[in-house]
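**Q** The structure under discussion is supplied below as structure tokens; questions concerning it will follow.
Residue numbers (our numbering): -16 to 315.
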């Protein structure tokens, strides 16, 4: 009698987190290959795999946007095709960006050499007339807009390592696009907010049910408030150092190690990915401090007393602040 082969089914949460982690590193191809290689994926993982295939690896993909406005649909489609081209490696990021800007210039009827800032200004003005807000620029190296309908302002007090601040927080609702990571992960992940010189911007749906949790109170409020503070104190600070400092602030204030485990999963030694590289720097430094003899063996972070993590994170943050007195542009 032959033995029965039992294949353990991986929980969809683990599969989803692995897929998202690879996407955060800008590696959609490996993320898709991971889904395809699963021996016993289950219904939810199989549906995710099929959605990825249809959106990124099938011919004549049908785009769907939550608006019937022809102009908004053309803008959204131009960005989505650019994101697809880069993430599936059909074109280099530079080549795909050139194509995108030429296409946006055609849509806007702009003459001369396409310029991203000029085009985004024109798009923002016209999007505004359609009753929406537009934020351009790059997120982790890729162009990709935030297009949303509503904004509500509140003043919230936020505590940071160097003191407390009363900050304006804008809660945003009604998104048509939320940059490239949201598009790549079907909204499983994506920017939950950002800081600008006039305040903090929060994607409301990401935190609507988490206002009293560390996800909002720390990973959004304190993370973005640290950016807000650093923009004023160190206006020339590079993106990697900004993310390094804000992520350390998260570790200082989180109550448990869940955020640390996420940083470990997204860490990548690649300077072109500021978020992943900042996590890599943090994990590398924490490993040297807490596991000095571990070498290349991956530490079991879940077994570390989290009070030690907070203590080491605060030390790394203070050391980084001291270093900025010598080089305010960054030291990583």
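Note that CB positions come from ideal geometry on N, CA and C, so glycine has one too.
Predicted model, so just to flag it, every value in this text is computed and none were measured.
#1: Looking only at C-alpha atoms, which of 185, 8, 0 sits nearest to residue 260?
#2: Which residues mark the beginning and the end of the beta strand (DSSP E) in which residue 156 is found?
#3: Does the contact criterion of 3 or more C-beta pairs under 8 Å hold for the stretch 240 to 258 versus the stretch 210 to 218?
#4: Any chance the stretch 66 to 79 sits against the stretch 89 to 104, with 3 or more Cβ pairs inside 8 Å?
#5: What do you reckon, are the CB atoms on residue 184 and residue 155 nearer than 8 Å?
#6: With distances taken between CB atoms, is the gap from residue 273 to residue 295 smaller than 8 Å?
#7: In whole angstroms, what separates the C-alpha of residue -4 from that of residue 304?
#8: For residue 14 and residue 21, which I take to be in contact (beta-carbon distance under 8 Å), what is that distance rounded to the nearest angstrom?
#9: Does DSSP put residue 176 in a helix, a strand or coil?
#10: Should residue 53 be labelled buried (16 or more other beta-carbon atoms within 10 Å of its own) or exposed?
#11: In the DSSP output, which residue or residues are listed as bridge partners for residue 185?
#12: Given that a residue counts as buried once 16 or more other Cβ atoms are within 10 Å of its Cβ, and exposed if not, what is residue 32?
#13: Let me know the secondary structure DSSP gives residue 117 once reduced to three states.
#14: So, helix, strand or coil for residue 287, using DSSP?
#15: Terminal residues of the continuous beta strand (DSSP E) containing residue 143?
#16: Out of 99, 213, 67, 27, which one is the CA nearest neighbour of residue 312?
#17: Is there contact here, the stretch 153 to 172 with the stretch 120 to 134, by at least three beta-carbon pairs under 8 Å?
#18: Looking at C-alpha atoms only, which residue of 115, 41, 80, 79 is the closest neighbour of residue 56?
#19: Residue 297 to residue 235, Cα distance in whole Å?
#20: In this structure, how does DSSP classify residue 231 when only helix, strand and coil are distinguished?
#21: What did DSSP end up calling residue 21 once you bin it into helix, strand or coil?
#22: Relative to the C-alpha of residue 240, which candidate in 283, 190, 181, 182 has its C-alpha closest?
#23: Under 8 Å: do the stretch 181 to 200 and the stretch 146 to 154 share three or more Cβ pairs, one atom per stretch?
#24: So residue 201 is in the alpha helix (DSSP H); what residue range does that whole segment cover?
#25: Would you call the CB atoms of residue 176 and residue 207 closer than 8 Å?
#26: Evaluate residue 83 with the Cβ neighbour count: other Cβ atoms within 10 Å of its Cβ, from every protein chain shown; 16 or more gives buried, anything less gives exposed.
**A** Considering the structure as presented:
#1: 8
#2: Residue 156: member of the beta strand (DSSP E) spanning 146 to 161, first to last residue.
#3: no
#4: With the cut-off at 8 Å, the stretch 66 to 79 and the stretch 89 to 104 do not touch.
#5: yes
#6: yes
#7: 37 Å
#8: With 8 Å as the limit, residue 14 and residue 21 do not qualify as a contact, their Cβ atoms being about 12 Å apart.
#9: strand
#10: exposed
#11: 154, 176
#12: buried
#13: strand
#14: Coil.
#15: 129 to 143
#16: By alpha-carbon distance to residue 312, the top candidate from 99, 213, 67, 27 is 213.
#17: yes
#18: 115
#19: 6 Å
#20: DSSP places residue 231 in the helix class (H, G or I) of the three-state scheme.
#21: coil
#22: The shortest Cα separation from residue 240 among 283, 190, 181, 182 belongs to 283.
#23: For the pair of segments examined, the stretch 181 to 200 was found to touch the stretch 146 to 154: the number of CB pairs separated by less than 8 Å reaches three.
#24: Note, residue 201: premise wrong, no alpha helix (DSSP H); not H, not E.
#25: Yes, the Cβ-Cβ distance between residue 176 and residue 207 is below 8 Å.
#26: buried
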